[in-house]
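First up is the structure itself, then whatever we jot down about it.
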Amino acid sequence: MITSFPKLLGATVVTLKLLSASLFFGLFLGLFFAILRLNKNIFINQFAYGYSYIFRGTPLLVQIFIIYFGLGQIEYLRTTFLWVILKEPYWCAIIAFTLNTGAYTSEILRSAFQTIKPGIIESGKSLGISNKTIFYKIQIPIAIRQSLPAYGNEIILMMKGTSLASTVTLMDLTGVAKYIISTTFKPIEVFIVAGGIYLFMTFIIHNVIKYLEKKYSFQE
Amino acid sequence: MELLAFGKTGWGDELFYATLMTIAVSITAMLVGFFFALIFTPLKLSKYKTLNLVGNFYTTVIRGVPELLVIYLFFFGGSGAIMYVASIFGYYEYIEINAFITGSMAIGIISGAYSTEVFRGAIQSIDKGQFEAAKVLGINKFGQFYKIILPQMLRLAIPNLSNVWQITLKDTSLISVTGLVEIMRQSYIAAGSTRDPLFFYSFAAVLYLLLTYVSMKFINKLEVNYSRGY
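Top to bottom, those sequences are chains B and Y.
Residue 2 is where the first sequence starts when you use the working numbering, and the numbers rise one by one after that.
Residue 16 is where the second sequence starts when you use the working numbering, and the numbers rise one by one after that.
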């Protein structure tokens, strides 16, 4: 139990790297698709809806497998520069996680945009602020505050999702835990240590989000 | 398309049975989850701090730890635990648990944690007067919960339970690591032997989409049915 701890802690770094990279890219992707969802053009918003429907309706495992095993099958891709990225399981995992979290984030942000009272936007307009400024300086900050609790849940779900990277040969926390279990046959001890590390991360994320919620709440 | 033919030439029938297996595991896991939820929801709502602690421990740990890790615990630890119990009763042979049972137990415990939270929320949103009225009528604790509160809270819980069902359905794809032949495992086998992973994994994605779509339609109907009179 004690000897496995440093190994698992080392693997936590991989998990955190995967998590932060996919959350970073996923946030932009989510914002992009949330804006598309609010577009009045039916083709554009149906496209965004289709994206989020497909990625939320299929298991993350399928998505990783399609990207890691599936895309390598297309001969054409192998000749382009994309292959440099797609042959690495690390990048494949990040792409899959980004697309997945992007879908969920777009739904969270969309509902946040829709809860903004029209009066706020109208008062911005009547003050003569340009549409662009209203969007970036008024709508986005309010939407971010509105979506914090749901986004906190999404971060925790994504942290658990990174465990699937172990299925494409990446040695993240779960991957190393599985390796130790299958070599030492001590599933319960390893589970306690690895599970403890995950719980600790959940705990920290939960409290950071709680702190941010308090900091950015409007009520004094 | 000939890859999907039924019979010996294609993978159609295998994938069909695999889909049935996914549905079977999901339903079993959901029921196991309900069983756990019925135990842990009263614990979470109990007056006693110790019981609260047990309930909170269950939901916090399961919801904070990746599903895959829980499945590995059951997969590698399950037969060991059973054999340990059996050895107390003087049975020393090797016992292997069915992958179906391990899988649906693991997913069931995960789904149970989510169901517990849903039920807790639903019970807490029921009017206090209902509890008091039941008490005044002299109905015992058991009757209060199962005859008065449960039917009312089901209506409130169904929309959230449909989310839990979706999570459970998607989590079953993770049991493929234990070797149970459901959609994901069958696609893996098919992709390996035909060297056509893109097609089979995409087809698996379509199957999952189909399952979520059909179950959503079904649950929406249930929801309408249970909200009659509101």
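Note that CB positions come from ideal geometry on N, CA and C, so glycine has one too.
Being a predicted model, the structure only gives us computed values, none of them experimental.
By the Cβ-count criterion, Ala20 (chain Y) is exposed, with fewer than 16 other Cβ atoms from all chains shown falling within 10 Å of its own Cβ. Every alpha helix (DSSP H) stretch that sits fully inside the stretch 66–133 of chain Y and reaches 4 residues is listed by chain position as 82–103. At least one CB of chain Y lies nearer than 7 Å to the CB of Leu200 (chain B). Per the C-alpha coordinates, the member of Y:Gln159, Y:Val196 and Y:Pro174 positioned closest to Asn235 (chain Y) is Y:Pro174. By alpha-carbon distance to Leu9 (chain B), the top candidate from B:Ile206, B:Thr81, B:Thr170 and B:Ile181 is B:Ile181. In the DSSP assignment, Phe215 (chain Y) falls within the alpha helix (DSSP H) that extends over Pro212 to Tyr241. Taking 7 Å as the cut-off, the Cβ atoms of Asp173 (chain B) and Ala22 (chain B) do not count as close. Scanning Y:Lys59, Y:Ser191, Y:Ile122 and Y:Leu213 for the CA closest to the CA of Trp180 (chain Y) turns up Y:Ile122. The three-state secondary structure of Trp26 (chain Y), taken from DSSP, is coil. In chain order, Pro81 and Glu82 make up the part of chain Y whose C-beta sits under 7 Å from the C-beta of Lys161 (chain B). Gly31 (chain B) places its beta carbon 7 Å or farther from that of Thr134 (chain B). Contact between the stretch 91–98 of chain B and the stretch 54–66 of chain B is present: 3 or more CB-CB pairs across the two stretches fall below 8 Å. Using a CB distance cut-off of 7 Å, Phe34 (chain B) does not count as an interface residue toward chain Y.
Separation of Leu224 (chain Y) and Thr65 (chain Y) (C-alpha to C-alpha, rounded to the nearest whole angstrom) is 42 Å. At a cut-off of 7 Å between beta carbons, Gln74 (chain B) contacts chain Y. With the rule of 3 Cβ pairs closer than 8 Å, the stretch 101–121 of chain Y counts as touching the stretch 42–50 of chain Y. Between Thr203 (chain B) and Gly127 (chain Y), the beta carbon gap of about 18 Å keeps them out of contact (Cβ cut-off 8 Å). Within the same chain, Gly127, Ser130, Thr131 and Phe134 come within 6 Å of Ala52 (chain Y) by CB-CB distance, once the 5 residues on both sides are set aside. The CB of Gly95 (chain Y) comes closer than 8 Å to the CB of Phe186 and Pro188 in chain B, given here in chain order. For Leu213 (chain Y), at least one C-beta of chain B is nearer than 7 Å to its own C-beta. Between the alpha carbons of Gly196 (chain B) and Pro166 (chain Y) lies a gap of roughly 36 Å. In this structure, Glu197 (chain Y) lies near Met36 (chain Y), with their beta-carbon atoms less than 7 Å apart.
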